[in-house]
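Student:
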Amino acid sequence: MAYETAAEHGFMEAQYNLAGMYYNGEGAQKNLLLAAKWFGLAAAKGHARSQCSLGAMYYNGEGVEQNFKEAAHWFRLAAEQGHGKAQYSLGAMHYNGEGVPKNAALGADWFTLAAARGFIEAQYHLGQMHHDGEGIDRDLLKAGEWFRRAAEQGHAKAQCSLGTMYYHGEGLLQNFRTAVVWFRRAAEQGLALAQYNLGRMYHEGEGVTRNFKEALRWYTMAAEQGLADAQYALGVMHHQGEGTLPDPVTAYKWFDLAASQGLANGTVSRDIICREMSLLDIALATRLSMAFSTKVRRLPSQSAGL
């Protein structure tokens, strides 16, 4: 291999590239042990990208035994050289208390450094911490700024969070139309919570012309990903015949799925609607619910929903 001779002569960049080839299986047979070896050799010489990569391998237990303390060690060395991803990773370890003492404030410090370098995940998490006042003072203006930076780079969760802030007027002038714009961008990326929020805005006619068919479409996308709030909303629409013909069997199915995730409204509505149904229809609806549950992961009710 082209890089192997240079790597064996101690050239850090060649060692890093060779490690990447072994890690990804590109130009060489995938071999995590050799990837860890070459990342380690370059990392020991101070190569920041290798230090970050080695930290990730220790964090995930790839090619080495999983060791959060070692991961934090290597992330720190790279972070201190200004490596954005390493700064974010070290911040996350402090935030979660993995391999280092749990310290949300220190996590926020590292997120801030990474966010300033344009690292999108750090921008999103920093926005969340400013929004919740966790590890740093609650500051909705800063939360909105960091969410916006990440959102403009296409981060779906940041787009949804920014939309929620516009919806509620948190630190920003309340604007339903702008909320719809951001929810739509996140929803089109497949984020279930954004799909639910967009569906609700079509359902209520907030920021858009009321449109039950559009509401049904977005609720369905979120419900099929397992979001309990969307499953309940979809049950309501099928029960009341909004955007579709009334269908108690389908309504029962969605209420039952929401109820199975602990959503109280789902339980109440399921128990009410079953009084209108035959035993045969209830049995059919229950089978449909069970079949759905076996193939779709669950996303329980989320407080960030509208």
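Positions in the sequence shown are counted from 1; adding 12 to them yields this note's numbering.
The C-beta atom is built at its ideal place from N, Cα and C for all residues, glycine as well.
In this text the structure is predicted, and so the values were computed from the model without any measurement.
Answer yes if the segment 150 to 158 comes into contact with the segment 174 to 194, meaning at least three C-beta pairs across the two stretches below 8 Å, and no otherwise.
Tutor: yes
Student: Taking a contact to mean a Cβ-Cβ separation below 8 Å, would you say Ser-281 touches Phe-267 in this structure?
Tutor: Yes. Within cutoff.
Student: Quick one: what's got a C-beta closer than 7 Å to Gly-52's C-beta in the same chain, skipping five residues either side?
Tutor: Listed in chain order, the non-local C-beta contacts of Gly-52 below 7 Å within the same chain comprise Leu-66, local neighbours out to five positions each way being set aside.
Student: Since Gly-75 and Leu-44 are thought to touch, with beta carbons under 8 Å apart, how far apart are those beta carbons, to the nearest angstrom?
Tutor: 3 Å
Student: State buried or exposed for Thr-176, treating a residue as buried only when at least 16 other CB atoms are found within 10 Å of its CB.
Tutor: buried
Student: Starting from the N-terminal side, write out each stretch of the alpha helix (DSSP H) that is 4 residues or longer and does not extend beyond the segment 126 to 155.
Tutor: If we require 4 residues or more, the alpha helix (DSSP H) runs fully inside the segment 126 to 155 come out as 132 to 144.
Student: Helix, strand or coil for Gly-89, going by three-state DSSP, please let me know.
Tutor: This sequence places Leu at residue 89; Gly is not what is there. Of the three classes helix, strand and coil, the one that applies to Leu-89 here is helix, per DSSP.
Student: Going by CA-CA distance only, name the one from Trp-122, Gly-317, Lys-57 and Ala-26 that's closest to His-95.
Tutor: Trp-122
Student: I need the DSSP call for Leu-239, collapsed to helix, strand or coil.
Tutor: strand
Student: Label Glu-38 either buried or exposed according to how many other C-beta atoms from any shown protein chain fall within 10 Å of its C-beta, with 16 as the threshold for buried.
Tutor: Exposed, because fewer than 16 other Cβ atoms sit within 10 Å of the Cβ of Glu-38.
Student: Quick test of the definition: if touching needs 3 or more C-beta pairs under 8 Å, does the segment 127 to 137 touch the segment 109 to 117?
Tutor: no
Student: Are Phe-195 and Glu-218 close, meaning C-beta to C-beta below 8 Å?
Tutor: no
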